[in-house]
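Remarks on the structure that follows.
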Amino acid sequence: MKTILVTGASGFIGRFLLKELLKKGHKVFALLRQPEQQLVTLKTWLNQQQVDTSQLQAICGDLSQANAGISASDWQVMEQVTVIYHTAALFAWNLDVNTARQINVTGVLTLLTLAHQHLQIERVVQVSGYMLSIEQNIRRLGISHEGKHNDWVQVYRQVGVYEASKIEAHFAIKQWATQTLVPLTVIHPATVIGDSQTGELASNQGFYQSLVDLFAGKLIAVPAGQGYRLPLVSVDYVAQFLAH
């Protein structure tokens with residue numbers, strides 16, 4: 005059994021990942037901004053799924069803060085951690101560029117750098133996005149895989165703040181892994197939808213919000229054509245694959 009740190013543990017994919025990791029008997033640390041409240045909510049949900057939460061522990065952290073908001077004493081608490089699952093990303097409509105980069109790019113690199121200093125990391129697993137697996141899309145944005153001379157200002161203008169910050173983070177993490185020689189696994193899930201068995205879907209998911217806006221008449225149309233396809237994947241499938 006492994007000792008694992010999960011970022012984004014309170015998020016949609018994150019909590020389903022916790023469920024699968026705990027079912028396998030792993031010791032899991034959940035990085036949470038407000039551990040007192042969020043851990044109670046997580047444990048309540050996990051208990052409803054008949055999952056034993058005795059191996060789940062919260063760590064106070066915030067990717068928008070200096071040193072990822074993690075105290076020196078908490079790094080000592082996590083000294084047995086060998087695997088990091090990074091599922092966290094700040095998403096919001098009209099997201100500010102500086103805020104997105106601070107959390108989704110700089111904050112993540114700070115966390116990984118500190119983890120490399122304090123822990124014996126055997127692997128980092130990053131949840132990215134399926135658009136990054138399409139080479140034609142990467143070339144269209146003028147991005148080099150080496151991460152050198154990329155015009156990120158232009159990328160942010162082309163695809164929007166959230167998507168651009170995820171893309172920038174992807175290449176920044178790859179570069180970090182190359183420099184530190186820490187093994188990196190990157191998962192590119194399609195558009196994540198609800199649980200395949202229960203239909204549970206977080207109300208802050210972009211897919212859900214788009215459907216609500218369509219139903220309410222706030223979104224008049226979705227640009228598309230006969231050749232357009234939107235790949236979908238259930239959240240429980242993603243979590244099971246990640247934990248495998």
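Going by the numbering used here, the letters in the sequence shown line up with residues 5 to 248, in that order.
Just so you know, even glycine gets a beta-carbon here, dropped at the ideal spot from N, CA and C.
All values reported here derive from a predicted model rather than from experimental measurement.
Nearest CA to the CA of residue i: which residue from the options?
i	options	result
Ala-173	Pro-193, Val-55, Phe-219, Gln-106	Gln-106
Gly-164	Glu-204, Asn-98, Leu-116, Val-109	Asn-98
Ala-271	Val-32, Thr-114, Asn-108, Glu-83	In the structure displayed, the chain extends from 5 to 248; residue 271 sits before or after that span and is not available.
Cys-64	Thr-11, Thr-57, Lys-27	Thr-11
Thr-103	His-90, Ser-68, Met-135, Gly-29	Ser-68
Leu-22	Gln-41, Ser-58, Glu-40	Ser-58
Ala-243	Ile-142, Ala-176, Val-216, Ser-200	Ser-200
Thr-45	Ala-168, Ala-13, Lys-31, Ala-76	Ala-13
Thr-7	Pro-39, Trp-49, Glu-83, Gln-52	Glu-83
Leu-246	Ala-206, Gly-203, Ile-88, Asn-208	Ile-88
Ala-96	Leu-218, Leu-234, Ala-220, Asn-208	Asn-208
Phe-211	Gly-231, Val-237, Glu-40, Thr-202	Val-237
His-192	Tyr-241, Gln-52, Pro-227, Gln-124	Tyr-241
Ala-62	Ala-76, Gln-52, Val-32	Val-32
Leu-94	Thr-86, Trp-79, Gly-111	Gly-111
Pro-235	Leu-218, Phe-16, Phe-219, Ala-194	Ala-194
Asn-51	Asp-66, Ile-74, Phe-20	Phe-20
His-90	Thr-202, Val-216, Trp-79, Gly-18	Gly-18
Ile-142	Gln-158, Val-129, Gln-130, Arg-127	Gln-158
His-30	Gln-41, Asp-56, Tyr-160, Gln-38	Asp-56
Lys-28	Met-5, Arg-233, Gln-38, Ala-34	Met-5
Gln-53	Ala-168, Gln-121, Asp-78, Glu-24	Glu-24
Ile-177	Trp-49, Ala-220, Val-128, Met-135	Val-128
Tyr-160	Asp-100, Gln-140, Val-196	Asp-100
Phe-16	Ile-74, Asp-78, Tyr-134, Ala-92	Ala-92
Glu-167	Asp-66, Val-109, Tyr-232	Val-109
Tyr-134	Arg-233, Gln-179, Ala-76, Ala-225	Arg-233
Could you tell me which residues DSSP pairs with residue i in its beta bridges?
i	result
His-90	Thr-11, Gln-130
Gln-61	Phe-33
His-188	This sequence places Leu at residue 188; His is not what is there. DSSP lists Val-128 as partners of Leu-188.
I think residue i touches residue j, with their Cβ atoms under 8 Å apart; what is that distance to the nearest whole Å?
i	j	result
Ser-137	Lys-170	Wrong, their Cβ atoms sit about 13 Å apart, outside the cutoff.
Leu-118	Ala-181	The Cβ separation is near 15 Å, so there is no contact.
Leu-36	Leu-43	6 Å
Leu-223	Ser-214	6 Å
Val-239	Ile-197	7 Å
Leu-145	Gln-130	19 Å between Cβ atoms; not a contact.
Gln-124	Thr-86	6 Å
For the beta strand (DSSP E) that residue i lies in, which residues bound it at each end?
i	result
Ile-197	195–197
Ser-238	236–238
Could you pull the start and end residues of the alpha helix (DSSP H) that residue i belongs to?
i	result
Val-226	Here Val-226 belongs to no alpha helix (DSSP H), and DSSP marks it neither H nor E.
Ile-17	16–27
Ala-76	76–81
Leu-136	Run containing Leu-136: none; DSSP gives neither H nor E here.
Asp-217	210–220
Leu-99	Leu-99 -> no alpha helix (DSSP H), and no H or E assigned at all.
Tyr-232	Careful: Tyr-232 lies outside any alpha helix (DSSP H) and carries neither H nor E.
Asn-51	39–52
Val-157	156–163
Leu-123	Taken as a continuous stretch (DSSP letters only), Leu-123 belongs to no alpha helix (DSSP H), as it is neither H nor E.
Kindly examine the ligand MG and report whether one of its heavy atoms sits closer than 7 Å to the Cβ of residue i.
i	result
Gln-80	No copy of the ligand MG appears in this structure; indeed no ligand is present at all.
Open item on the list: Does the structure place the segment 185–195 close enough to the segment 147–167 that three or more beta carbon pairs sit under 8 Å?
Closed with: no
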